Each structure stands twice: as C-alpha cells, then as structure tokens.
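Some notes on the structure that comes next.
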Amino acid sequence: MAWSGSSVTREIHRLFEAKRDTIKAELRNALTAVHISFNLWTSPNRFAIMAVFAHFIDQLGHQQSRLLALCRQFGAHSGENLAGSLVDIVYEWEIEGRVGCAISDNMTANDTCVYHMYPRLDPSMRPVDIKARRMRCYGHMLNLVARAFLFGKDAESFELESDINGMRGLVEQDLDHWRTKGPIGKLRNIVKFIRSSPQRSEQFKRVAREQDHEEYRLCEESTAELEVVMNNETRWNSTYMMIERAFRKQTDIRAFIFATQEEEDGARRIPAEDILSSEDWRVLGEVNEILKPIYLQTMRTQGWGKGDSHGRL
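Under our numbering, the residue at position 200 of the sequence shown is numbered 613, and the numbers go up by one with no gaps.
The structure is reproduced here in structure tokens:
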C-alpha cells in the first residue's frame, strides 16, 4: 500500500473514529454513572486548554478513566461559558443521561459551572441535588493550604509582581522582592544565582566535587553531580523540592558561597543579603518538616490506583 500525506491523515481519522466508538460503547455499558473531572490549564503558548476525564466501573467491575476532551477554551472563563463547553462534550460522547458527580478545583467559577451544567442535562434536577454532586478537589485544597503557609493569603499578587520583575529584567527588584520571604527567598536567590549561567553551574559542581574528595565518601552516595533545584516561583511543591535538595547539598552550598566571597568582582559574589545563616537553615528545616506531609499526601492522591490503593476516586 502506497502511503502519502493524505493517506496517513485518512488513517489517523479512521483510527480515531474507531477508538471513539469503542469508548462510547464502554461508557454506554458502564455499571455505574459516569463521573467527570475537569480542569483548565494555560499552555506555554498561552492557550486556555480544558481537560475532561470520565470515570466509571466497566462491565468487568474494573475502574476505568478515559480522556474525553483536551480542547481549547474560548472566551471568558466564567461558569456559564465553562458549562457550555462541558455540555457539548457530554453530548458528543452520548452520556447526557448518565453523568454522576463532577470533580474540579474549588474555584467559584466551577461552582457556577456545575449549577448551569446539570439543569441543561436534566431540567428536573434541584439545587440540593446539584450540590450533592459537586465534588471538590482534595489536591487543590492541599495546594491552597501550602501556598498560604509559604506566601500568605495573596499569593497571586506576589507571583504577579515576581513575573513582572522577570519580564522587565528588574533583577535587583526581583531579588529584594523574594528577600521579603525570609530564608526561602534567600535560598531561591542563591539557586537562581547558581543556575543563571553554565559557568556558575560548572563552578558549583567543581566545588561540590572538591567537597566530595575532601570528605572521602566511601560508603555514602556522592551528591557532587546533583544540581540545585530551582523553585517554580509560587508553585509550593517545587519550593519544597528546592529546600529538600538544598539540604542534601548544604555543605556544597556553604562552600560555594564561601568561594564566591573571594571574587573581586561584586557581580560574581552572592549578595550579602542572601547569605544563609545557621538560623536561616534551621527555619528552612522547620518549613521542610511542615511541607513534607502535605507533599506526601498530595502524591498519594495522584496516579491510577489499583484495588484499594491510593489514586482512586
């Protein structure tokens, strides 16, 4: 069979239609209602993307999850607009009479969304029935707790100011901005300093290898080639991982700071305001202990659990 660009396109469409019919049959024959989960995400090219999953028990009694949509969300992210998109997806998959619970983040817009969606699927549904079917995302609750602990109630404003400083190239203002967060901000600035150029990263690795050699690590795994981890601004779990890695590299970080202070060029030295004291390390340790159980609990809610394991709805 000769393959061309058009024949490949036709085959992809044929396979898609066949697989869609298979999934529709699974949904139609499910032993339970079909529960849906949905979320919005902004892609790197700034498109709003809605993801919708279906969760159900199949004819063999097995839990199943199927991706129903990964599509662009146009217009305002209002509850009414989101509801319109969900209703279209539900009708496309022919499950309008089988929708059970709806799981999503704890945003007010999502509350509005389900209160507009269900009556369009079943006009007889009362507000009390809709409220019973609205399930809130436990992982999102944990996220809100951790972010409030790290960045205060107005984490969005803190993140926005950091983003603006970055876009405008306001390096000093950004460093000062993060210093307001105490030891966490200092550590973030140190890691950013190390990772700001290949030369600094290599210098850090060289210092780490020297520390490894001096301590004669014969029975312990070497950490010399481990990178320091940069947090993703106000993504609290990346802040936890940054602190966790920093403690594994604490000796190397201290040695690197000491080495840079001997540089004549001030731009090649870590600013004195960002040098971590013993008290700062103690505070980071306490923060780490508080975040660790939240991180582990978050990880236990993820994935595709089997049997009675974690990761199941």
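Every residue, glycine too, gets a C-beta built ideally from N, C-alpha and C. Just so we're clear, the structure is a prediction, and the values are computed from it rather than from any experiment.
Identify the residues that DSSP records as bridge partners of M548: which are they?
Beta-bridge pairing links M548 to I516.
Suppose you measure from the CA of D740 to the CA of G510; what does that come to, to the nearest Å?
Past the edges of the chain, shown from 414 to 726, lies residue 740, and the structure says nothing about it.
So for H529, helix, strand or coil by DSSP?
H529 falls in the helix class under three-state DSSP.
Alpha carbon to alpha carbon, what distance is there between E675 and L689?
Approximately 17 Å between the Cα atoms of the pair.
Just to confirm before moving on: does the CB-CB distance between M463 and S498 stay below 7 Å?
Cβ atoms of M463 and S498: closer than 7 Å.
Closest to S608 by CA distance: which of N452, A461, I683 and Y653 is it?
One detail in the question is off: residue 608 reads as Arg in this sequence, not Ser. The shortest C-alpha separation from R608 is found at I683.
Going by alpha carbons, who is nearest to S730 out of R533, A482 and A461?
Outside the modelled stretch of the chain, which goes from 414 to 726, sits residue 730, for which no answer is possible.
Can you give me the Cβ contacts of K437 inside the same chain, cut-off strictly under 7 Å, excluding the 5 residues immediately before and after it?
Contacts found: W506 and E507.
Let me know the secondary structure DSSP gives S478 once reduced to three states.
Note: S478 maps to strand in three-state DSSP.
Can you tell me whether DSSP reads F733 as helix, strand or coil?
Lying before the first or after the last residue shown, residue 733 is absent from the chain, which here runs from 414 to 726.
What do you reckon, are the CB atoms on M520 and V500 nearer than 7 Å?
The answer is no: Cβ separation not under 7 Å.
Verify whether the separation of the beta carbon atoms of C514 and H426 is less than 7 Å.
Contact: no.
Of all the options R423, A680, E692 and A522, which has the alpha carbon lying nearest to the alpha carbon of G595?
For G595, the nearest C-alpha among the options comes from E692.
In chain order, what are the residue ranges of uninterrupted beta strand (DSSP E) at least 3 long that sit wholly in the segment 598-627?
If we require 3 residues or more, the segment 598-627 turns out to have no beta strand (DSSP E) run fully inside it.
Is the beta carbon of D687 less than 7 Å from the beta carbon of I603?
Contact: yes.
Under 7 Å Cβ to Cβ from M538, same chain only, skipping five residues before and after it: list those, please.
Within the same chain, M538 has close Cβ partners Y531 and P532.
Can you name, in chain order, every residue of its own chain whose Cβ lies under 7 Å from the Cβ of A559, other than the five neighbours on each side?
Cβ within range, chain order: W649, L704 and I707.
May I ask which residues mark the beginning and end of the beta strand (DSSP E) holding A489?
Premise fails: A489 is in no beta strand (DSSP E) and is neither H nor E.
Return yes when the Cβ of L709 is within less than 7 Å of the Cβ of A659, no when it is not.
No, these two residues do not count as a Cβ contact at 7 Å.
Should F469 and A443 be called a contact, given that it needs their Cβ atoms to be closer than 7 Å?
Yes, the Cβ-Cβ distance between F469 and A443 is below 7 Å.
Since A461 and S491 are thought to touch, with beta carbons under 8 Å apart, how far apart are those beta carbons, to the nearest angstrom?
Going by Cβ atoms, the distance from A461 to S491 rounds to 12 Å, so no, they are not a contact pair.
Quick check: is the beta carbon of S478 nearer than 7 Å to any beta carbon in chain D?
This model lacks chain D altogether, as it is built from one protein chain only.
Could you give the distance in angstroms between the alpha-carbon of E493 and the alpha-carbon of I597?
Spanning the two alpha carbons is a distance of roughly 40 Å.
Check each candidate in L473, N701 and D471 and name the one with the smallest Cα separation from S651.
Among L473, N701 and D471, the Cα nearest to that of S651 is on N701.
Does DSSP put E424 in a helix, in a strand, or in coil?
E424 falls in the helix class under three-state DSSP.
Suppose the cutoff is 8 Å on Cβ atoms and the five residues either side in sequence are ignored; what does the same chain contact list for R613 look like?
So the qualifying residues of the chain are F606 and I607.
Per the DSSP calculation, V700 is bridged to which residue(s)?
In the DSSP output, where bridge partners are listed per residue, V700 has none listed.
Quick test of your reading: V620 and A672, contact by CB under 8 Å. State the CB separation rounded to the nearest angstrom.
Right, the Cβ-Cβ distance comes to about 6 Å (below 8 Å), so this counts as a contact.
Could you round the C-beta distance between T711 and L555 to whole angstroms and report it? I think they count as a contact, below 8 Å.
The pair is a contact, with the Cβ atoms about 5 Å apart (cut-off 8 Å).
Please state the DSSP three-state secondary structure of S537.
The answer is coil: DSSP assigns S537 none of H, G, I, E or B.
Heavy atom of the ligand GTP less than 6 Å from the Cβ of D524, yes or no?
The ligand GTP is not part of the structure shown, which contains no ligands of any sort.
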